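Beneath this line is the structure, given in structure tokens, with notes to follow.
Chains as they are written, first to last, in my numbering: chain B, 64 to 220; chain E, 31 to 424; chain H, 312 to 452.
Written as structure tokens, this is what we have:
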């Protein structure tokens with residue numbers, strides 16, 4: 064399967080779910096999809112296209128919380144990034160962890176650092192932050208402010 | 031039988047990094063495992079957003095001391111992908127040389143530590159002694175033993191001087207005999223066979239399901255190597271082999287890493303001999319708004335960086351994915367059903383000791399005979415040979 | 312100087328503790344044990360358990376989760392115990408000073424006897440630092 068066939072395949076199969084296709088360069092393609100179609104498209108990429116799940120990047124933009132799911136097809140040398148935009152007041156999306164294990168940890172990470180709720184995730188515990196970290200404070204949000212009054216931020220000289 | 035929970039860590043003598051494992055065991059058998067990480071979390075992704083594009087290379091270099099080339103490499107490729115642009119040819123070669131030097135020292139480090147975990151300190155000492163030579167070569171090239179600070183968006187910071195090249199080549203040639211001996215000592219060793227063959231198997235299906243990377247995946251028969259499949263740097267210029275084995279057990283992971291050492295040596299030598307002339311820096315003026323992805327094959331697998339720019343001189347978002355993030359969860363697939371001693375890899379057999387041989391002269395009391403390093407190596411090899419015959423390993 | 316302190320200086324056993332470092336300082340500490348540097352010449356040995364240790368080598372920028380462990384471990388060390396901070400992160404948190412997860416520097420949490428700067432310090436520097444520490448205590452006598 065080459066690059067054109069791969070892309071045409073996705074475009075044909077998910078006509079109604081795709082909002083925008085941004086063909087950046089020979090090896091990078093960004094596809095914006097509707098949040099409710101994520102599991103369908105991701106499963107197609109992982110199982111039918113046999114792409115490797117690279118990682119998901121959560122981004123807090125001014126208007127939305129964006130999540131990019133990067134799928135890497137090494138045989139074609141192509142990175143397909145599925146982009147979903149979630150509302151800032153209630154970011155929620157279906158979890159990919161039941162479909163393939165690789166998505167398990169990164170969803171835990173995005174959950175604690177950006178405050179996105181993954182519906183159906185088997186195990187949404189903390190991954191990186193300490194247990195004493197306050198609930199509802201998400202360090203990667205743009206409006207994050209230092210909450211710890213005891214923190215020392217100068218070198219004392 | 032009642033279930034018992036065995037905690038390992040977070041500060042245990044084996045691994046130098048803190049992490050906390052909770053093993054649930056039934057007798058000797060492991061039936062569940064849970065990993066608690068976060069003892070190293072420093073919020074680098076957030077920090078990187080407060081630095082300029084140039085400063086960020088130094089912050090992300092300190093994500094991991096062993097991968098201190100892979101992260102800047104992936105990051106600079108991500109920034110170059112935003113523009114998009116290509117770096118000068120000479121810079122590509124220098125980047126490749128530094129990255130492969132790091133792969134050699136990282137694989138040797140792992141090999142040494144693996145030997146240490148098995149209680150086989152000989153391998154530990156030999157591998158780390160060999161590693162010193164590579165660190166010396168890297169010090170000549172970059173000025174640093176680790177944290178090379180060679181990378182910048184658009185090229186490299188420091189050129190390789192023409193008079194350094196023969197010195198480094200000689201240094202690399204001088205380690206090959208020791209590396210060959212180490213390879214034989216590790217791959218043919220009966221004790222290592224007994225401890226690692228058929229232990230902790232990661233099947234091909236699981237390797238794909240967990241999206242395992244690097245040597246972990248290649249040992250399970252998944253031919254994933256970005257250097258071959260998505261070529262970057264100067265990897266597509268020369269001949270080298272991707273090492274793939276089929277069984278997925280601990281032994282195959284050792285084999286993949288040991289054999290990769292020799293491929294890396296080959297690549298470095300070729301690059302140093304064929305280093306093109308020219309600029310080393312494309313001198314990026316400013317970075318337009320947009321997003322970029324950079325991924326490279328680090329010693330442990332693919333390192334993945336996603337950078338978003340909003341047109342200012344700082345990244346708006348910088349996502350870092352280290353290979354271990356994908357490889358660590360495979361513990362769940364490999365450890366279940368194994369015995370406790372294999373899982374922790376702490377109990378191990380004692381083998382003839384090669385260690386510290388180079389500088390120690392053992393005085394034989396009876397015959398007043400001085401034994402030197404070479405004698406000790408020969409003696410221990412003879413003993414291994416004996417053991418091998420006794421155990422019937424080929 | 313107490314007898315205990317004098318005794319431990321003959322062959323200080325070290326315990327190495329990483330509080331969120333990048334691994335480089337830790338590797339250089341392990342490097343000290345390997346044939347080229349061979350810190351065992353001075354009777355120094357890496358102890359497996361904190362309860363056997365005389366010297367605590369701390370690396371890293373003290374993140375929130377490991378600080379809890381650090382405090383617990385420091386309580387468990389048999390006193391007198393000497394603390395050596397290795398690397399820029401343990402000294403002042405270096406470039407991680409503004410990180411949300413690294414609120415306090417090491418010397419505000421436990422008392423530190425020797426600082427070895429560098430990112431990472433070379434094994435020679437680590438050995439020199441530890442030797443200086445021994446000399447300093449001996450002179451105080």
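Virtual Cβ for every residue (Gly too), placed ideally from N, Cα, C.
The structure presented is a predicted model; accordingly, all values stated were derived computationally and were not measured.
{"query": "Beta-bridge pairing of residue 180 of chain B - partner residues as DSSP gives them", "result": "B:155"}
{"query": "Near-chain B residues of the stretch 74-97 of chain E (beta-carbon distance less than 8 angstroms), N- to C-terminal order", "result": "75 and 76"}
{"query": "Coarse secondary structure for residue 82 of chain B, derived from DSSP in three states", "result": "strand"}
{"query": "Touching by the beta-carbon criterion (3+ pairs, under 8 angstroms), the stretch 298-314 of chain E and the stretch 205-215 of chain E", "result": "no"}
{"query": "Reference residue 145 of chain E; option with closest CA among E:417, E:362 and E:283", "result": "E:283"}
{"query": "Enclosing alpha helix (DSSP H) for residue 195 of chain E [first to last residue]", "result": "194-217"}
{"query": "Interface positions of the stretch 366-397 of chain H facing chain B (Cβ-Cβ less than 8 angstroms), listed along the chain", "result": "374, 375, 376 and 379"}
{"query": "Residues of the stretch 321-350 of chain H whose Cβ lies closer than 9 angstroms to any Cβ of chain E, in chain order", "result": "326, 327, 328, 329, 330, 331, 332, 333, 334, 335, 336, 337, 338, 339, 340, 341, 342, 344, 345, 346, 347, 348 and 349"}
{"query": "Residue 115 of chain B at chain E interface by Cβ criterion, 7 angstroms", "result": "yes"}
{"query": "Contact check, residue 253 of chain E vs residue 122 of chain E, beta carbons under 7 angstroms", "result": "no"}
{"query": "Any chain H beta carbon closer than 7 angstroms to residue 72 of chain E", "result": "yes"}
{"query": "Chain B residues whose Cβ lies nearer than 9 angstroms to that of residue 408 of chain H", "result": "215, 216, 217 and 218"}
{"query": "Residue-chain proximity (residue 211 of chain B, chain H), Cβ-Cβ < 7 angstroms", "result": "yes"}
{"query": "Test: residue 412 of chain H CB closer than 7 angstroms to a CB of chain E", "result": "yes"}
{"query": "Opposing strand residues paired with residue 66 of chain E [DSSP bridges]", "result": "E:50"}
{"query": "Inside the stretch 321-378 of chain E only - beta strand (DSSP E) runs reaching at least 3 residues", "result": "331-339 and 345-351"}
{"query": "Residue-chain proximity (residue 69 of chain E, chain B), Cβ-Cβ < 7 angstroms", "result": "no"}
{"query": "Cutoff 8 angstroms; reference residue 324 of chain H; Cβ partners in own chain excluding five residues on either side", "result": "355, 356, 357, 358, 363, 364, 365 and 366"}
{"query": "Nearest-angstrom Cβ-Cβ length linking residue 413 of chain H and residue 370 of chain H, presumed shorter than 8 angstroms", "result": "No, residue 413 of chain H and residue 370 of chain H are not in contact; Cβ-Cβ is about 13 angstroms, not under 8 angstroms."}
{"query": "C-beta atoms of residue 278 of chain E and residue 231 of chain E nearer than 7 angstroms", "result": "yes"}
{"query": "Proximity test, residue 269 of chain E beta-carbon vs the ligand SAH heavy atom, cut-off 6 angstroms", "result": "No copy of the ligand SAH appears in this structure; indeed no ligand is present at all."}
{"query": "Interface partners of residue 133 of chain B on chain E, CB under 8 angstroms", "result": "323, 334 and 336"}
{"query": "Nonlocal neighbours in the same chain, by C-beta distance under 7 angstroms from residue 375 of chain E, ignoring five residues either side", "result": "Its pLDDT being 45, under 50, residue 375 of chain E is placed unreliably in this model, and the value from its coordinates should be taken loosely. If we look at residue 375 of chain E and ignore the five residues flanking it on each side, its Cβ neighbours are 147 and 148."}
{"query": "Endpoints, the beta strand (DSSP E) within which residue 150 of chain B is located", "result": "141-150"}
{"query": "Nearest-angstrom Cα separation, counted from residue 170 of chain B out to residue 445 of chain H", "result": "49 angstroms"}
{"query": "Burial state of residue 216 of chain B (16 or more Cβ within 10 Å)", "result": "exposed"}
{"query": "Short CB-CB distance (under 7 angstroms) between residue 185 of chain B and chain H", "result": "no"}
{"query": "Buried/exposed call for residue 391 of chain E, threshold 16 Cβ in 10 Å", "result": "The predicted position of residue 391 of chain E is uncertain, since its pLDDT is 33 and thus under 50; a value taken from the coordinates is nonetheless stated next. Counting Cβ neighbours within 10 Å, residue 391 of chain E comes out exposed, since fewer than 16 surround it."}
{"query": "Given 8 angstroms, three or more beta-carbon pairs between the stretch 148-161 of chain E and the stretch 329-348 of chain E", "result": "no"}
{"query": "Residue-chain proximity (residue 415 of chain H, chain B), Cβ-Cβ < 7 angstroms", "result": "yes"}
{"query": "Closest Cα partner of residue 443 of chain E within the set E:303, E:416 and E:362", "result": "In the structure displayed, chain E extends from 31 to 424; residue 443 of chain E sits before or after that span and is not available."}
{"query": "Close Cβ partners of residue 320 of chain E (< 7 angstroms) along its chain, the five nearest in sequence each way excluded", "result": "112 and 339"}
{"query": "Per-residue contacts from residue 219 of chain E into chain B (C-beta, under 7 angstroms)", "result": "Here the premise fails: no neighbours, minimum Cβ distance about 33 angstroms."}
{"query": "Straight-line Cα distance separating residue 83 of chain B from residue 329 of chain H", "result": "46 angstroms"}
{"query": "CA-to-CA distance, residue 218 of chain B to residue 222 of chain E, given in whole angstroms", "result": "49 angstroms"}
{"query": "Chain B residues whose Cβ lies nearer than 8 angstroms to that of residue 419 of chain H", "result": "215"}
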